[in-house]
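Okay, so the sequence shown: first residue is 1 according to full-length UniProt numbering, each after it adds one. Where is the CB? At the ideal position from N, CA and C, for every residue including glycine. Data block below; observations after.
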Amino acid sequence: MDVDRPSTAKTASSNWKKRLTVTAAHAMRDRMHIQLDVKVPASRPRVAILAIIEQSCGSCVVVPGVAEATPVEDRVVVRGNDIHALWSAATTTTSDSADLDNLHCNDVRAVMATYGVEAARATLIREIQSVFGVYGIVVGPRHLSLVGDKVMFHGEHHAMNRIYMGLHSSPWLKMRC
1 MDVDRPSTAK TASSNWKKRL TVTAAHAMRD RMHIQLDVKV PASRPRVAIL
51 AIIEQSCGSC VVVPGVAEAT PVEDRVVVRG NDIHALWSAA TTTTSDSADL
101 DNLHCNDVRA VMATYGVEAA RATLIREIQS VFGVYGIVVG PRHLSLVGDK
151 VMFHGEHHAM NRIYMGLHSS PWLKMRC
């Protein structure tokens, strides 16, 4: 069973905050379940486990299409690509901590379906740049713009490979489209 990174949740009772630790982790294989590890001091004979479970579940947001969300520095890295669900979850919560103006997704088709061709083109360019950047290869922005324009030329995502280019009979059309 794969278990995600544990995250500490706050307890319901304020006097227990220093002595009670609740760690929640979930794994998604065939079904979703939540594992709560509760550390209770030995001096406490009874524990209201139902209140702990209700408090832990009340502070969690479950978004369909999102498998995992991990906080990293000043952002949250999400595994999954349901952008509409992220928008609705961010707008229904009471905190202003979600900056939806700086949302990044590496799924070009999901970005195109949600935001349109120009956003998908920018996503494609950013992803190509990040792939080459890992290897220390610097590609000029004009070259990346040409690749992005070619792939998104007809308003949809076309492959840039030998099969798609081989559909044209003329060698000039093979280079052009």
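Kindly list the residues whose CB is nearer than 6 Å to the CB of residue 134, restricted to its own chain and excluding five residues on each side of it in sequence; keep chain order. For the purposes of this step, residue 134 is taken as the residue at position 134 of the sequence shown. Apart from the 5 residues on each side of it in sequence, residue 134 has no Cβ closer than 6 Å to any other Cβ in its chain.
Inter-residue spacing [alpha-carbon to alpha-carbon] between residue 108 and residue 121: In the sequence shown, counting from the first residue as 1, residue 108 sits at position 108. In the sequence shown, counting from the first residue as 1, residue 121 sits at position 121. C-alpha separation (whole angstroms): 8 Å.
Tell me whether residue 64 sits in a helix, a strand or coil according to DSSP, three-state version. Taking the sequence shown and counting its residues from 1, one reaches residue 64 at position 64. Correct three-state label for residue 64: coil.
When burial is assigned at 16 or more other CB atoms within 10 Å of the CB, is residue 15 buried or exposed? As a position in the sequence shown, residue 15 is number 15, starting the count at 1. Because residue 15 sits at a pLDDT of 45, beneath the cut-off of 50, its placement in the model cannot be relied upon, and the following sentence gives the value as read from the coordinates. That one is exposed.
Measuring straight from C-alpha to C-alpha, what distance separates residue 118 and residue 112? Within the sequence shown, numbered from 1, the residue matching residue 118 stands at position 118. Within the sequence shown, numbered from 1, the residue matching residue 112 stands at position 112. Roughly 8 Å between the two C-alpha positions.
Go ahead and pull the three-state DSSP assignment for residue 5. Here residue 5 refers to the residue found at position 5 of the sequence shown. Bear in mind that the predicted position of residue 5 carries a pLDDT of just 42, short of 50, making it too unreliable to give a figure here.
Inter-residue Cα distance where the pair is residue 151 and residue 83: Looking up residue 151 in the sequence shown gives position 151. Looking up residue 83 in the sequence shown gives position 83. Cα-Cα distance, rounded: 22 Å.
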